[in-house]
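The sequence shown begins at 1160 in the numbering used here and counts up one residue at a time.
Backbone N, C-alpha and C fix where the C-beta goes; we use that ideal spot for every residue, glycine too.
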Amino acid sequence: ALWCLALCTLSNLVVFGIYLAGSAFSSQGLTAAGTLTMLLCALANTVTAAWMIPAGLFLTARLGMLAGIFCPLATQLVGGFAWSLLPLPQLFPPSASMVIPTSFIPVLPSGEPLAADMALGGALAADGMLTLAGLAVCAFAFAALTAAGAAWFARSEER
């Protein structure tokens, strides 16, 4: 699971690198604030999506490749689109992937600029402690699912 997490981190850092390259040729050029913001988004995306790694590995080992790919992806998509139905979407890892980046960049989970709905955007981005708690829940979900998957795998290999 840790190798997969490293690959997930690397993929987010590649996107960050593409952002940096694009920013270098923009009218503003590279800025410290923009660079830090996008780096934090890349790291937040890694943490909030990490729960899918051990879930996918377990489901692949237990039920096959299609289940390992489809079930976490379907959960992520449904949870991501259901963020507006949850009272604290930052604390549910599939929804956290959609709403936590709003704390760093001025874009709503729908992809609209933050100015399109300042009440919603302000509510999602205002509470830094809720964002940190959401990241902690996502990291805990990754660790717990990894430990549970490793325990299951260790027992299944004994048979």
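By a beta-carbon distance limit of 8 Å, Thr1196 contacts Ile1264. Their separation comes to about 6 Å. Here the segment 1199 to 1217 lies against the segment 1248 to 1266, with 3 or more beta-carbon pairs under 8 Å apart. Considered as a whole, the segment 1246 to 1274 harbours 1252 to 1258 as its complete alpha helix (DSSP H) runs of no fewer than 4 residues, in chain order. Boundaries of the alpha helix (DSSP H) around Ser1170: Leu1161 to Ala1183.
When rounded, the separation of the alpha-carbon atoms in Ala1274 and Ala1255 is 21 Å. Ranked by Cα distance from Ala1214, the first of Gln1187, Ser1186, Cys1230 and Met1257 is Cys1230. Cβ contact annotation for Ser1315 (same chain, cutoff 8 Å, sequence separation greater than five): Ala1220, in chain order.
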